[in-house]
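With my numbering applied, the sequence shown corresponds to residues 1141 to 1686, in that order.
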Amino acid sequence: MALNVPLLSELYDKHPKPAHITFQYGTAGFRTLGDQLDSVLFRMGVLAGLRSKKLDGKTIGVMVTASHNPEADNGVKLVDPRGEMLETSWESHATALANVNTATEFVDALDAFVKAVKIDLSKPARVVYARDTRPSGPALVAALEDGLKAIGAEAHDEGVQTTPILHYIVRCLNTKGTKDEYGEPTPDGYYNKLATAYKKLVGTKTTLQPLVVDCANGVGFFAIEKIAPLLDSHIKLVPQNVAVDTLGVLNHACGADFVKTQQKLPPSLASVLKPGERACSLDGDADRLMYYYLDERGQFHMLDGDKIAALVTAFISDLVKGSGLEGKIEVGVVQTAYANGSSTKYMEDRVPVRCVPTGVKHLHHAAEHFSVGVYFEANGHGTVLFSPSCLETLRTHEPSTPAHATSLKHLLSLTELINQAVGDAVSDMLLVEAVLAHRSYSGEQWDSLYADLPNRLVKVSVPNRNVFKTEDAERRLVSPPGLQTKLDELVRKYEGGRTFVRPSGTEDVVRVYAEARSRGHVDELAFKVAGIVYDSQNGDPAKRPR
Ligand code: G16
């Protein structure tokens, strides 16, 4: 069977590529202004079909989202059969296809690709897709559908969903009828699975005070609306920032990225949250989660991905011990360079810790090496993976005491509550709430697990972020030449100082991270580093970022 060249060419011509743009499959797929992505969506439809054919007709997912980015941005990423990110080796194929300039080049590139990776075109292609609430979404989905049609894929539209729900559905579809069956492949199946597991896990524990949930004015609101009634009286969710139909407000002065980068309460919650109360923020597609609370004096305290990882790791480690499985199940943690130094120390005192480059795909794969792999980025993106052999151990272990049996039951509920496909803000939120209920922790008690080193994240605009190249899990720059030496000289002047610079894979900026012993020092360090980075590329100190 051959490619349908006339159909591919005809539909290709409906989606011309903007001449001046070079697209790149980045940290989480393609991301840029939504109105520039039409051609990319068409081509990703074709590629998703080919990926499915290559994998013998397994269902591939396509998510149209730009997650934490501003509303005008959009993006697309492919989801592999177990609900994980697209295999890395295909990212370069995606980039190559996104950048060809004519229908003939496109068909030739496809033809060469099909031969190179040995795709049997007679195999079926199955693709399921969804989008977030961005205004550019419907037109981009139409372009995607043309791509799916051009490759003859059997396609299913899940409409507006959170990113983790799409990942969940992909995993469910591909495991249906197997021993790894993951659940009912529908949004309702997802809500019921999580709610049931949550209620099992908290049982008769005292209900916590209501939880304010900042939905970032995005699709997360729909998920909160759907799951809240299923939780009965076990927890009351109070959704805020729910203006999903209002233009210009998605992720604006709210949401997980705002909280993490600004380290402050979204202004819209100022009149909602009272001293002593906790709240959380989702991001635009509900795959990131940040917690925070106001202390008795009304002061804001952030509980980020590192703090979530610490809370969850300690809880799971205790359950493993409590069920008599210590030595049989190894709990490990995966972090990135953004992890606060104090969190790394806290973890290293308890469990093995690995550091990998930014991006869920890196963390996810590293976490698979542990029986229970806890991975969280400081920005609130993460989950916990239970390996197949760990699941088998949990299912077959014979507890020798009632206390062992209880811990084992809780571990099994956790395997149902936690989204094994990808980081998921809603699932993670219920996980945190369950642990807080078990520990009887307030936000303040959770926060006291360790004290964060003051830290600062800054974005720097440069003409070409691709000249920035890193090594050592992004902790050191190898290009531009000489820059790392300057950073080393600078950081030595700050007690407990640490800094690194890396190009973002989702925004057109270079990111600067710094931490030091005092707030004053860290701010100074971060802005000096940003200045060095800016001057190295732009050369005009008068235009430095402030
Ligand atoms: C995506 C990735 C995350 C990553 C983040 C920022 O998150 O899934 O793993 O931490 O981008 O990446 P970068 O610093 O390269 O821009 P999201 O929530 O935007 O999908």
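The C-beta atom is built at its ideal place from N, Cα and C for all residues, glycine as well.
Assumed close pair ASP1425, THR1199 - CB separation to whole angstroms, cut-off 8 Å: Indexing the sequence shown from 1 puts residue 1425 at position 285. Indexing the sequence shown from 1 puts residue 1199 at position 59. ASP1425 to THR1199, Cβ: 20 Å. No contact.
Contacts around ASP1320, its chain only, beta-carbon distance under 8 Å, and the 5 residues preceding and following it disregarded: What you label residue 1320 is simply residue 180 of the sequence shown in a count that begins at 1. Result list for ASP1320: PRO1528, in chain order.
Beta-carbon proximity of LEU1148 to VAL1257, cut-off 8 Å: Position 8 of the sequence shown, counted from the start, is the residue given in the question as residue 1148. Position 117 of the sequence shown, counted from the start, is the residue given in the question as residue 1257. For LEU1148 and VAL1257, no; Cβs fall outside 8 Å.
Whole-angstrom distance between GLY1464 and ALA1543, CA atom to CA atom: Within the sequence shown, residue 1543 is the residue found at index 403, counting from 1. Within the sequence shown, residue 1464 is the residue found at index 324, counting from 1. Cα to Cα, the separation comes out at about 9 Å.
Residue(s) in a DSSP beta bridge with CYS1420: Here the question's residue 1420 lines up with position 280 in the sequence shown. BP columns for CYS1420 point to VAL1353 and TYR1431.
In chain order, each alpha helix (DSSP H) run of at least 4 residues that lies wholly inside the region 1298-1366: 1303-1315 and 1327-1342
Environment of ligand 1 in chain order, Cβ to heavy atom below 6 Å: THR1167, ALA1168, SER1207, HIS1208, ASP1423, ASP1427, ARG1428, THR1498, GLY1499, VAL1500, GLU1517, ASN1519, HIS1521, SER1644, GLY1645, THR1646, GLU1647 and ARG1651
Proximity test, VAL1649 beta-carbon vs ligand 3 heavy atom, cut-off 7 Å: Among the ligands in the structure shown, ligand 3 does not appear; only ligand 1 can be found there.
Helix, strand or coil at PRO1407 according to DSSP, with G and I counted as helix: Numbered from 1 along the sequence shown, position 267 holds the residue referred to as residue 1407. In the structure shown, PRO1407 sits in a helix (DSSP, three-state: H, G or I).
Extent of the continuous beta strand (DSSP E) run through TYR1165: On the sequence shown, residue 1165 is found 25 positions in, with the first residue counted as 1. Note, TYR1165: premise wrong, no beta strand (DSSP E); not H, not E.
Endpoints, the alpha helix (DSSP H) within which PHE1440 is located: What you label residue 1440 is simply residue 300 of the sequence shown in a count that begins at 1. It is not in any alpha helix (DSSP H) - PHE1440 instead sits in the beta strand (DSSP E) that spans 1440-1443.
Whole-angstrom distance between VAL1382 and ALA1279, CA atom to CA atom: For the purposes of this step, residue 1279 is taken as residue 139 along the sequence shown, with counting starting at 1. For the purposes of this step, residue 1382 is taken as residue 242 along the sequence shown, with counting starting at 1. Taking the straight line from one Cα to the other gives about 23 Å.
Inter-residue spacing [alpha-carbon to alpha-carbon] between SER1693 and THR1242: Coverage of the chain is limited to positions 1141 through 1686, which leaves residue 1693 absent and any answer about it impossible.
Pairwise C-alpha distance: TYR1581 and LYS1599: On the sequence shown, position 459 is the one that residue 1599 refers to. On the sequence shown, position 441 is the one that residue 1581 refers to. Distance between the alpha carbons of LYS1599 and TYR1581 is about 35 Å.
Given VAL1694 as reference, the closest of SER1601, GLU1488, GLY1185 and HIS1392 once Cα atoms are compared: The structure shown does not extend to residue 1694, since the chain is modelled only from 1141 to 1686, so the question has no answer here.
Of the listed residues LEU1173, GLN1380 and GLY1388, nearest to PRO1407 (C-alpha basis): The residue labelled residue 1407 in the question sits at position 267 within the sequence shown. Of LEU1173, GLN1380 and GLY1388, the residue nearest in Cα terms is GLN1380.
Continuous alpha helix (DSSP H) stretch holding ARG1615: start and end: Translated into positions along the sequence shown, residue 1615 becomes position 475. No alpha helix (DSSP H) holds ARG1615; DSSP gives it neither H nor E.
As assigned by DSSP and simplified to three states, the class of LYS1468: Position 328 of the sequence shown holds residue 1468. It is coil, neither helix nor strand.
Which residues DSSP lists as bridging PHE1253, in chain order: The residue labelled residue 1253 in the question sits at position 113 within the sequence shown. DSSP, once it has assigned bridges, lists no residue as partnering PHE1253.
Bounding residues of the alpha helix (DSSP H) (the contiguous stretch that carries THR1401): Your numbering for residue 1401 matches position 261 in the sequence shown. Run containing THR1401: 1395-1402, per the alpha helix (DSSP H) assignment.
Neighbourhood of TYR1590 by C-beta, 6 Å cutoff - its chain only, sequence neighbours within 5 removed: Residue mapping note: residue 1590 aligns to position 450 of the sequence shown, counting from 1. Correct list, in chain order: SER1482 and TYR1486.
Spatial distance of GLY1637 from THR1303 (CA atoms): Numbered from its first residue, the sequence shown carries residue 1637 at position 497. Numbered from its first residue, the sequence shown carries residue 1303 at position 163. About 36 Å.
Complete alpha helix (DSSP H) runs within the region 1166-1207 (minimum length 4 residues, chain order): 1178-1194
Residues near VAL1240 by beta carbon distance below 6 Å, same chain, minus five either side: Your numbering for residue 1240 matches position 100 in the sequence shown. Taken in chain order, the residues that qualify are PHE1246 and ALA1249.
Residue closest to LYS1340, alpha-carbon to alpha-carbon, out of ALA1561, SER1644, LEU1548 and ASN1678: Stepping through the sequence shown from its first residue, residue 1340 is reached at position 200. Nearest C-alpha to LYS1340: LEU1548.
Coarse secondary structure for ASN1606, derived from DSSP in three states: Translated into the one-based positions of the sequence shown, residue 1606 becomes position 466. Looking at ASN1606 - three-state DSSP - the assignment turns out to be helix.
DSSP-derived helix/strand/coil call for SER1619: On the sequence shown, residue 1619 is found 479 positions in, with the first residue counted as 1. The answer is strand: DSSP assigns SER1619 an E or B state.
Where PRO1643 sits in the DSSP three-state scheme: Stepping through the sequence shown from its first residue, residue 1643 is reached at position 503. Here PRO1643 sits in strand by DSSP.
Residue from THR1533, GLN1475 and VAL1496 whose Cα sits closest to the Cα of GLU1466: Within the sequence shown, numbered from 1, the residue matching residue 1466 stands at position 326. Nearest of THR1533, GLN1475 and VAL1496 to GLU1466, Cα basis: THR1533.
Nearest-angstrom Cβ-Cβ length linking VAL1496 and THR1523, presumed shorter than 8 Å: Against the sequence shown, residue 1496 aligns to sequence position 356. Against the sequence shown, residue 1523 aligns to sequence position 383. The pair is not a contact, with the Cβ atoms about 15 Å apart (cut-off 8 Å).
Delimiting residues of the alpha helix (DSSP H) encompassing PRO1542: Looking up residue 1542 in the sequence shown gives position 402. 1542-1557 is the extent of the alpha helix (DSSP H) around PRO1542.
ASP1628 - DSSP class collapsed to helix/strand/coil: If you number the sequence shown from 1, residue 1628 lands on position 488. Three-state result, ASP1628: helix.
Option in ARG1632, GLY1277, ASN1144 and ARG1222 with minimal Cα separation from VAL1300: On the sequence shown, residue 1300 is found 160 positions in, with the first residue counted as 1. Nearest C-alpha to VAL1300: GLY1277.
Where ARG1428 falls, given that 16 or more other Cβ within 10 Å makes a residue buried: Within the sequence shown, residue 1428 is the residue found at index 288, counting from 1. Buried, by the Cβ-count rule.
Sub-8 Å separation of VAL1500 and THR1453 beta-carbons: On the sequence shown, position 360 is the one that residue 1500 refers to. On the sequence shown, position 313 is the one that residue 1453 refers to. Against a cut-off of 8 Å, the Cβ pair of THR1453 and VAL1500 comes out as no contact.
Given 8 Å, three or more beta-carbon pairs between the region 1211-1224 and the region 1555-1572: yes
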